[in-house]
Structure formats: C-alpha cells, structure tokens
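Encoded as structure tokens, the structure appears first; notes follow it.
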Amino acid sequence: MDSDKTWSTHIVSGVHLLPMSEEFVVYEPVSGNTHLLGYVAGEILQQLYQAPSNLAKLTATLAAQWQETSSPDILQAVADVLDELRAMELVECA
2 MDSDKTWSTH
12 IVSGVHLLPM
22 SEEFVVYEPV
32 SGNTHLLGYV
42 AGEILQQLYQ
52 APSNLAKLTA
62 TLAAQWQETS
72 SPDILQAVAD
82 VLDELRAMEL
92 VECA
C-alpha cells in the first residue's frame with residue numbers, strides 16, 4: 002500500500018459516527034448503510050473525519066494515542082483496516 006496517498010472518509014457529521022464501548026456504529030449517508038465496526042476501525046474513521054491523512058501520519062497519530070511505538074506491524078494493521086473500510090465504501094484513497 003502506498004503510504005503517501007491521502008485517505009478520507011464520506012462521514013460528513015459526527016452524529017454519523019457513534020462510539021459505543023469497544024465498538025462504533027457508523028451511518029454512511031451516501032449509501033444509507035449502517036455498520037457496526039470494531040474499536041480500531043472506528044478510531045481510524047474518527048481520525049479521518051477530523052482530517053484526511055496518509056497512512057504513515059494516520060498510523061503515527063493512532064500509535065501515539067494508544068501509547069504504542071509505531072512499528073511495521075501497526076502500519077500493516079492500519080493498512081488492512083483501511084482496505085476493509087474501503088470495501089465498505091466508508092473511506093477512499095486519492
């Protein structure tokens with residue numbers, strides 16, 4: 002995955018992304034679909050809702066938030082979740 006491409010989300014309002022304990026409920030207004038996402042996917046969407054980002058910056062932000070060391074494993078995990086979110090049409094890469 003190309004880490005310098007910018008990722009963004011279709012979520013246009015904070016009310017469409019609701020944290021619930023260890024999961025997130027997400028309403029995607031373009032398709033009208035509602036999704037139940039795990040914690041990591043929800044955190045990624047929250048970051049992209051605040052501002053589009055590339056993979057490296059997004060991973061570094063999340064690692065700092067989780068008080069983890071940014072590593073190739075975390076980078077790959079975030080990349081994998083981004084691919085899943087893209088398949089659900091919740092994010093896009095440009």
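In my numbering, the protein residues as written are 2 to 95. The C-beta atom is built at its ideal place from N, Cα and C for all residues, glycine as well. This one's a predicted model, so the numbers in the text were calculated from it and none came from an experiment.
In the DSSP assignment, H11 forms no beta bridge with any residue.
Within its own chain, the residues whose Cβ lies closer than 8 Å to the Cβ of L46, once the five positions on either side in sequence are excluded, are T10, I12, L18, F25, V27, L38, L86, L91, V92, listed in chain order. Looking at the backbone, the Cα of G33 and that of T62 are separated by about 29 Å. Annotation for E85: the continuous alpha helix (DSSP H) segment containing it runs 73 to 88. Counting other Cβ atoms within 10 Å of its Cβ, E44 reaches 16 or more and is therefore classed as buried.
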